[in-house]
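Per the numbering used here, the very first residue in the sequence shown carries number -2; after that it's consecutive.
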Amino acid sequence: MIPYKDDNPTQAFPFITIGLIAINSLVFIWELITPLGGEQIAFLYGAIPNNIITFKGTQPIPPALSIITSMFLHGGLLHIAGNMLYLWIFGNNIEDSIGHARFLFFYLFSGIAAAYGYALTDSQSMIPMIGASGAISGVLGAYLLLFPHAKVHTIIFFGIFWQLVRVPAVVVIGFWIVIQIINGILSEGALQHGGVAWFAHVGGFLAGLLTIKLWLPRKKIRF
């Protein structure tokens, strides 16, 4: 199931969503052309659980800053393509609902929650986390609460055949959650670390789901 757009129009131009996609894309291009290897980049600028728990740095940047830089790094084309697709489809509606500035802070807040969701499962780990998945998980949690019945256009594959269908957002996001769980369990190091990458997505998703209403602008009372 691959979503490609939703039937949920917005009123404001989503320049924060587009800006985040642009920054992620530019950083990924830098990752491709820099002489540094992907593993070295991850250890230099990724969120290392032990570092962000103890605030003792083994990196050239402060541990708190590594949480932010980790959100803009990706491990491959499919990694960034999937993340940016979901951010494009669902991010604009959350930005439209809470406002541009709030959306930026909400996005970063979700990413921070995701990083600590990852770190608290194994605070001694020195394996870095990279990717926007945690922050985008927060966006999906928010979307699920605010627009569960919005229709999402998706491509569903049946072997070599495919079909375009419109399904409720709750189905698409539920499918995404299942995929994240499977990927977390099957990812490298899952047997040793209990699939901790999955807890990054859980942390971000719960942060978005549970706090999105706090980010909504207060309605003005008319007398």
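Where is the CB? At the ideal position from N, CA and C, for every residue including glycine. Bear in mind that the values here come from a model prediction, so they are computed numbers and not experimental data.
Coil, strand or helix - Pro0 by DSSP
Pro0 falls in the strand class under three-state DSSP.
What's the C-alpha gap between Asn89 and Phe155?
30 Å
As assigned by DSSP and simplified to three states, the class of Ala9:
coil
Residue interval of the beta strand (DSSP E) (run including Ile58):
That residue, Ile58, is in no beta strand (DSSP E); it is neither H nor E in DSSP.
Rounded to a whole number of angstroms, what is the C-alpha to C-alpha distance between Pro60 and Phe40?
12 Å
Neighbourhood of Ala132 by C-beta distance below 8 Å, restricted to the same chain and skipping five residues each side:
Contacts found: Met68, Tyr104, Leu105, Ser107, Gly108, Ala111, Gly201.
Could you spell out where the alpha helix (DSSP H) holding Phe100 opens and where it closes?
97 to 116
Short check: CB of Gly138 to CB of Leu203, under 8 Å?
The answer is yes: Cβ separation under 8 Å.
Suppose contacts are defined by Cβ-Cβ distances below 8 Å. Is Thr66 in contact with Ile58 by that definition?
yes
Residues near Trp212 in its chain [Cβ-Cβ closer than 7 Å; skip 5 each side]
Ile95, Arg99, Phe103
On the DSSP letters alone, give me the boundaries of the alpha helix (DSSP H) that Gln37 sits inside.
35 to 42 is the span of the alpha helix (DSSP H), which, as asked, contains Gln37.
Looking at the strands, I want to know which residues DSSP matches up with Trp159.
Phe154
Please report the Cβ distance between Gly72 and Gly35, rounded to the nearest whole angstrom; I am assuming they are in contact, meaning their Cβ atoms lie under 8 Å.
Indeed they touch by this definition, with Cβ atoms about 6 Å apart.
Take the Cβ of Leu70 as the centre, count every other Cβ of all protein chains shown within 10 Å, and call the residue buried at 16 or more, exposed below.
Per the 10 Å Cβ criterion, buried.
Check whether chain D comes within 8 Å of Leu101, counting only Cβ atoms and requiring the distance to be less than that.
Absent from the structure is chain D; it holds one protein chain and no more.
Selected residue, minimal CA-CA separation from Leu75, among Ile(-1), Trp195, Leu161:
Ile(-1)
Is the separation between the beta-carbon of Ile20 and that of Ala44 shorter than 8 Å?
no
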